[in-house]
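Trainee:
There are 4 protein chains.
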Amino acid sequence: MNLQKSINKTKTPKSRDRKNQILECAKVIFARKGFYETQIIDIVNELNIGKGTPYQYFENKEELFLSLIESIYQSWRDFRRNRSSAAALAAPADYFRREFSGIMHFFHNDPDSAKILLRMGPGINRSIEPFVSRIEQHFIDEIKSGIKKGIEFDVIEKDCNIELLTNVIFGTATRIAYYYIARNNETVTKRKLDGIIGETAEMLIKIIYKKEYW
Amino acid sequence: MNLQKSINKTKTPKSRDRKNQILECAKVIFARKGFYETQIIDIVNELNIGKGTPYQYFENKEELFLSLIESIYQSWRDFRRNRSSAAALAAPADYFRREFSGIMHFFHNDPDSAKILLRMGPGINRSIEPFVSRIEQHFIDEIKSGIKKGIEFDVIEKDCNIELLTNVIFGTATRIAYYYIARNNETVTKRKLDGIIGETAEMLIKIIYKKEYW
Amino acid sequence: MNLQKSINKTKTPKSRDRKNQILECAKVIFARKGFYETQIIDIVNELNIGKGTPYQYFENKEELFLSLIESIYQSWRDFRRNRSSAAALAAPADYFRREFSGIMHFFHNDPDSAKILLRMGPGINRSIEPFVSRIEQHFIDEIKSGIKKGIEFDVIEKDCNIELLTNVIFGTATRIAYYYIARNNETVTKRKLDGIIGETAEMLIKIIYKKEYW
Amino acid sequence: MNLQKSINKTKTPKSRDRKNQILECAKVIFARKGFYETQIIDIVNELNIGKGTPYQYFENKEELFLSLIESIYQSWRDFRRNRSSAAALAAPADYFRREFSGIMHFFHNDPDSAKILLRMGPGINRSIEPFVSRIEQHFIDEIKSGIKKGIEFDVIEKDCNIELLTNVIFGTATRIAYYYIARNNETVTKRKLDGIIGETAEMLIKIIYKKEYW
DNA sequence: TATGAATGAGCATTCATTCAT
DNA sequence: TATGAATGAATGCTCATTCAT
Chain C
0 MNLQKSINKT KTPKSRDRKN QILECAKVIF ARKGFYETQI IDIVNELNIG KGTPYQYFEN
60 KEELFLSLIE SIYQSWRDFR RNRSSAAALA APADYFRREF SGIMHFFHND PDSAKILLRM
120 GPGINRSIEP FVSRIEQHFI DEIKSGIKKG IEFDVIEKDC NIELLTNVIF GTATRIAYYY
180 IARNNETVTK RKLDGIIGET AEMLIKIIYK KEYW
Chain P
0 MNLQKSINKT KTPKSRDRKN QILECAKVIF ARKGFYETQI IDIVNELNIG KGTPYQYFEN
60 KEELFLSLIE SIYQSWRDFR RNRSSAAALA APADYFRREF SGIMHFFHND PDSAKILLRM
120 GPGINRSIEP FVSRIEQHFI DEIKSGIKKG IEFDVIEKDC NIELLTNVIF GTATRIAYYY
180 IARNNETVTK RKLDGIIGET AEMLIKIIYK KEYW
Chain Y
0 MNLQKSINKT KTPKSRDRKN QILECAKVIF ARKGFYETQI IDIVNELNIG KGTPYQYFEN
60 KEELFLSLIE SIYQSWRDFR RNRSSAAALA APADYFRREF SGIMHFFHND PDSAKILLRM
120 GPGINRSIEP FVSRIEQHFI DEIKSGIKKG IEFDVIEKDC NIELLTNVIF GTATRIAYYY
180 IARNNETVTK RKLDGIIGET AEMLIKIIYK KEYW
Chain A
0 MNLQKSINKT KTPKSRDRKN QILECAKVIF ARKGFYETQI IDIVNELNIG KGTPYQYFEN
60 KEELFLSLIE SIYQSWRDFR RNRSSAAALA APADYFRREF SGIMHFFHND PDSAKILLRM
120 GPGINRSIEP FVSRIEQHFI DEIKSGIKKG IEFDVIEKDC NIELLTNVIF GTATRIAYYY
180 IARNNETVTK RKLDGIIGET AEMLIKIIYK KEYW
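These protein sequence lines are chains C, P, Y and A, in that order.
Position 135 of the first sequence, counting from 1, maps to 134 under numbering that gives the first Met the number 0, and the rest follow consecutively.
Position 49 of the second sequence, counting from 1, maps to 48 under numbering that gives the first Met the number 0, and the rest follow consecutively.
Position 46 of the third sequence, counting from 1, maps to 45 under numbering that gives the first Met the number 0, and the rest follow consecutively.
Position 32 of the fourth sequence, counting from 1, maps to 31 under numbering that gives the first Met the number 0, and the rest follow consecutively.
#1: With a threshold of 9 Å between beta-carbons, can Glu156/P be considered close to chain C, or not?
#2: Pull up the distance between the alpha-carbon of Ala113/C and that of His107/C, whole angstroms please.
#3: Pull out every residue of the region 28-46 of chain Y whose Cβ sits closer than 7 Å to any Cβ of chain A, in chain order.
#4: Count the other C-beta atoms from every protein chain shown that fall within 10 angstroms of the C-beta of Thr165/C, then say buried if there are 16 or more, exposed otherwise.
#5: So the candidates are Ile127/Y, Asp109/Y, Ile142/Y and Leu65/Y; which of them puts its Cα closest to the Cα of Tyr94/Y?
#6: Using a Cβ cut-off of 8 Å, pull out every chain C residue sitting near Ile123/P, in sequence order please.
#7: Helix, strand or coil for Ile216/Y per DSSP?
#8: What does a CB cutoff of less than 7 Å around Ile195/A pick up in its chain, not counting 5 residues either side in sequence?
#9: Interface residues of chain Y around Val131/A at Cβ under 9 Å?
#10: Could you name the residues of the region 57-73 of chain P whose beta carbon sits closer than 9 Å to any beta carbon of chain C, in the order they occur along the chain?
#11: What first and last residue would you give for the alpha helix (DSSP H) that runs through Asp41/Y?
#12: Can you list the residues of chain P that Leu116/C reaches, using a CB-CB cut of under 8 Å?
#13: Would you call the region 58-75 of chain P and the region 147-154 of chain P in contact, with 3 or more CB pairs under 8 Å?
#14: So the alpha helix (DSSP H) Asp109/C belongs to, where does it begin and stop?
#15: Using DSSP with H/G/I as helix, E/B as strand and the rest coil, what is Thr199/Y?
#16: Are Tyr56/Y and Arg17/Y closer than 9 Å when you measure CB to CB?
#17: Need the endpoints of the alpha helix (DSSP H) that Val131/A sits in, please.
#18: Nearest CA to the CA of Ala90/Y: which residue from Tyr72/Y, Asp153/Y and Ile115/Y?
#19: Secondary structure at Tyr212/C, three-state DSSP: helix, strand or coil?
#20: Nearest CA to the CA of Asp111/P: which residue from Lys26/P, Ile204/P and Ala200/P?
#21: Just to make sure I have the definition right: I need the residues of chain Y whose C-beta is within less than 9 Å of the C-beta of Lys205/A. Which are they?
#22: Checking 9 Å against the spacing of the C-beta atoms, do Ile134/C and Leu116/C come in under that value?
#23: Is the distance from the Cβ of Phe105/C to the Cβ of Phe78/C below 9 Å?
#24: Comparing C-alpha positions only, which one of Tyr35/C, Glu62/C, Lys191/C and Ala200/C sits nearest to Arg125/P?
#25: Does Ile6/Y come within less than 9 Å of chain A when only Cβ atoms are used?
#26: May I ask you to report which of helix, strand or coil DSSP gives Asn59/C?
#27: Using the rule of at least 16 other Cβ atoms within 10 Å of the residue's Cβ for burial, across every protein chain shown, is Gly33/Y buried or exposed?
#28: Would you call the CB atoms of Val167/A and Thr199/Y closer than 9 Å?
#29: Could you tell me whether the Cβ of Arg174/Y comes closer than 9 Å to any Cβ of chain A?
#30: Please state the DSSP three-state secondary structure of Cys159/A.
#31: Buried or exposed: Leu2/P, going by 16 or more other Cβ atoms within 10 Å of its Cβ?
#32: According to DSSP, is Val27/C helix, strand or coil?
#33: Which whole-angstrom value describes the C-beta separation of Lys21/A and Leu46/A, a residue pair presumed to lie in contact below a C-beta threshold of 8 Å?
In structure tokens:
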């Protein structure tokens with residue numbers, strides 16, 4: 000237990016708090032203004048700390064952003080860990096519904112992360128993009144392995160184009176998340192979101208699974 | 000006679016060429032490096048022109064980028080105009096196949112535009128984003144009106160969630176375009192791309208149209 | 000006769016007109032915006048001529064400004080030539096009244112010259128100032144020689160500090176001209192200006208001439 | 000306690016020194032080269048500080064210049080405050096001699112301020128001029144109120160043109176200051192300057208006061 | 001650890017000037 | 001002569017980063 004803390008042995012709890020505080024604040028501002036328009040001074044002013052303080056914890060602006068990406072990734076993995084145990088042996092469509100809903104709720108619970116991953120991520124710049132892609136890849140791998148398992152269990156067509164199907168699911172999921180969560184417009188109620196998630200899942204099920212599992 | 004000249008004194012053919020030359024070059028570099036990492040000097044060096052020359056044609060870097068977006072939009076509309084006549088009275092699924100294929104080939108013919116629209120567009124910054132969104136909206140409106148027409152002609156379910164369905168199609172299309180065209184990886188052959196387009200269209204047809212029109 | 004023209008033998012009448020046109024326009028704009036804030040393009044746009052045209056007549060911006068100064072100087076000398084004949088043997092105070100009034104009316108007839116000489120002149124920059132000073136010196140020399148003549152004719156105190164008295168007269172004259180003519184405020188009517196000129200002259204007479212010549 | 004600090008967190012004594020140091024240096028260079036010919040890099044090189052340092056204290060070049068004007072104005076007011084107490088109930092001519100001498104010595108003690116106010120001030124540019132005029136107006140108001148008081152005490156003619164008389168005094172004073180102090184020529188000795196001040200005052204007294212107060 | 005004054009590489013932009021037509 | 005597209009030296013300013021305290 001207390002695994003989190005033991006990863007970074009040299010950091011005192013206080014220092015770790017400060018680091019998280021900066022990360023938390025940076026997430027909000029990066030999500031709002033993007034990487035390039037965000038200035039270190041924005042973060043520093045927001046937190047009422049010294050201009051040099053972030054540099055105690057992060058090499059530079061890029062490393063700060065990368066740490067942020069990393070922490071979002073970490074959150075996602077934590078989120079998954081706490082869910083996966085239960086999901087196991089449901090009916091195929093139910094399994095998908097649950098998984099899909101999981102992703103959506105993760106983003107809904109942390110729209111700033113959604114904005115950073117879905118809006119700024121692609122095309123940000125050559126040195127940062129790989130790190131964003133890495134997370135993206137993680138999502139994609141999960142989808143892909145789900146599909147493979149589906150084929151294995153004979154609930155998905157053997158000859159389906161796995162890579163393509165993965166992209167269809169991923170594209171739909173990210174667009175839905177982007178449109179209903181990460182845009183700067185009015186936020187959707189959880190109720191309405193659940194409806195949308197359900198409907199979307201039904202559509203995707205139709206193109207993923209063999210007819211008898213719809 | 001000589002009407003052209005008297006309308007627009009400063010836009011001689013030569014000056015128009017230079018403007019397009021800058022725009023063309025800017026597209027390639029913006030597509031490769033993004034808005035912020037692209038420097039005017041990159042464009043200027045590439046073209047072997049003076050550092051001040053782009054400023055003869057564009058107010059500033061942002062206006063240059065916006066003009067670029069505008070010219071991509073223009074290209075798209077030209078592209079559509081030249082196609083629309085033929086598309087009219089096909090079977091529903093065929094109609095969709097053709098439309099979908101159209102979008103994909105537009106991007107395939109101009110991958111830099113695809114990169115700019117699909118990668119850098121979302122989340123670039125507050126003052127530019129609206130212009131990117133405007134084009135996005137254009138795509139979305141076309142999809143939406145296609146769906147409405149489908150409902151009207153009774154080939155799509157009356158109670159379908161139009162907004163959601165639009166997002167599913169748009170999300171799928173942009174992801175496919177992004178993945179197979181706009182990423183910085185190896186480019187796909189036209190043959191392979193056509194296969195992918197076809198397969199994707201089949202999937203989407205399943206969730207768009209009533210079963211009898213698949 | 001036709002002295003003016005013969006000075007510059009190579010210039011055709013047309014070319015001379017164009018040069019004067021540029022000079023005239025430059026005067027107005029320099030008077031309004033000052034040397035540094037005036038751009039060649041301002042002049043060129045105002046005249047609807049090509050951007051390169053002023054460079055047919057003037058080496059560069061500075062030489063254009065210097066030519067302008069020179070032409071103002073020329074105007075002043077022309078103005079003097081046309082007056083001096085009459086002024087000769089009046090009573091001392093009358094002589095001064097007439098001279099003082101002359102300067103003031105010169106500026107009143109050409110307020111732009113007044114602005115350039117009185118406002119921008121001093122302190123403009125190291126390379127231009129000497130040329131402005133040269134004109135200033137011309138005014139000062141005239142004042143000084145008037146004083147010397149007055150001493151000679153025994154109408155001014157022998158032991159007066161000529162340099163200082165010159166400065167007092169010059170300082171008063173330029174301030175009055177500046178205040179009532181060259182500021183950007185409402186312009187004074189000729190009637191009111193004449194009143195002011197008269198009153199000022201009476202004051203100065205008191206400190207210039209021996210009491211019996213007031 | 001520690002009140003000072005809590006009022007103005009960013010203005011530590013050290014930072015205030017640096018600001019004054021920049022202001023002081025800027026005064027010398029602006030006085031020498033004028034607003035437009037002075038480059039930030041001139042100041043920065045002179046002080047051996049970083050190119051960005053002035054921007055810690057001033058928004059931009061114009062704001063730096065304006066702050067300088069403001070600080071000259073402040074100096075003048077401080078100078079006045081320390082003198083005014085004594086001046087009160089002298090004979091009219093003595094009062095004027097003292098006042099006039101005061102202005103002259105202020106400029107003599109700080110010729111750079113004189114240069115900036117008297118040479119560059121008028122006509123510098125539309126956005127700066129008002130701030131220079133404001134100080135000029137302050138001088139003018141003092142002269143004017145002196146005249147009004149003189150009329151009240153019956154030592155100046157009732158029907159004198161106050162505005163005009165003010166301009167004559169101001170024009171004379173600024174010309175004398177300009178000629179003997181602010182030109183780039185040899186500087187005058189204090190002894191000689193005092194002589195000039197005295198003589199000038201005598202001249203002005205003749206046109207300001209009724210004869211019995213000369 | 002925390003601070004914030006100082007730094008300077010880096011960039012967008014300007015504008016007088018040139019020169020081929 | 002007149003033009004105006006092209007030029008590029010020059011400059012103001014920004015902002016991530018450093019480091020003495």
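Glycine included, every Cβ here is placed at the ideal spot set by N, Cα and C.
This structure is a prediction, so every number in the text was calculated from the model and none was measured.
Mentor: Put simply:
#1: Glu156/P does not count as touching chain C.
#2: In a straight line, the C-alpha of Ala113/C is about 8 Å away from that of His107/C.
#3: Shown in chain order are the members of the region 28-46 of chain Y whose Cβ falls below 7 Å from a Cβ of chain A: Gly33, Tyr35 and Glu36.
#4: It is buried - the Cβ of Thr165/C has at least 16 other Cβ atoms within 10 Å.
#5: Among Ile127/Y, Asp109/Y, Ile142/Y and Leu65/Y, the Cα nearest to that of Tyr94/Y belongs to Ile142/Y.
#6: The contacting residues are Gly33.
#7: Nothing about residue 216/Y can be read from this structure; chain Y reaches only from 0 to 213.
#8: Only Ile175 and Tyr179 meet the Cβ criterion.
#9: Here the premise fails: no neighbours, minimum Cβ distance about 11 Å.
#10: Correct list: empty, as no residue qualifies.
#11: Where Asp41/Y is concerned, the enclosing alpha helix (DSSP H) stretches over Ile39 to Leu46.
#12: The premise fails here: Leu116/C is roughly 10 Å from chain P at the closest Cβ pair, so nothing lies under 8 Å.
#13: Pairwise C-beta distances place the region 58-75 of chain P out of contact with the region 147-154 of chain P, as fewer than three of them are shorter than 8 Å.
#14: DSSP places Asp109/C in no alpha helix (DSSP H); its state is neither H nor E.
#15: In the structure shown, Thr199/Y sits in a helix (DSSP, three-state: H, G or I).
#16: If you check the CB distance, Tyr56/Y and Arg17/Y come in under 9 Å.
#17: Note, Val131/A: alpha helix (DSSP H), Glu128 to Glu151.
#18: Taking only the C-alpha atoms, the option nearest Ala90/Y is Asp153/Y.
#19: Helix, per DSSP.
#20: Among Lys26/P, Ile204/P and Ala200/P, the Cα nearest to that of Asp111/P belongs to Lys26/P.
#21: Neighbours of Lys205/A in chain Y, taken as residues whose beta carbon is under 9 Å from its own, are Met202, Lys205 and Ile206 in chain order.
#22: Yes, these two residues count as a Cβ contact at 9 Å.
#23: In this structure, Phe78/C lies closer than 9 Å to Phe105/C by Cβ.
#24: Of the listed residues, the one whose Cα sits closest to Arg125/P is Tyr35/C.
#25: With a pLDDT of only 42 at Ile6/Y, under 50, the local geometry of the prediction cannot be trusted, and no value is derived from it.
#26: In the displayed model, Asn59/C falls within coil according to three-state DSSP, outside both helix and strand.
#27: Burial check for Gly33/Y: the Cβ neighbour count within 10 Å reaches 16 or more, so the residue is buried.
#28: Against a cut-off of 9 Å, the Cβ pair of Thr199/Y and Val167/A comes out as a contact.
#29: For Arg174/Y, the nearest CB of chain A lies under 9 Å from its own CB, placing it at the interface with that chain.
#30: Note: Cys159/A maps to coil in three-state DSSP.
#31: The predicted model places Leu2/P with a pLDDT of 37, which falls under 50 and marks its position as unreliable, so this point remains unresolved.
#32: Reduced to three states, the DSSP call for Val27/C is helix.
#33: The sequence given here places Ile at residue 21/A; Lys does not occur at that position. So it is a contact: roughly 7 Å between Cβ atoms.
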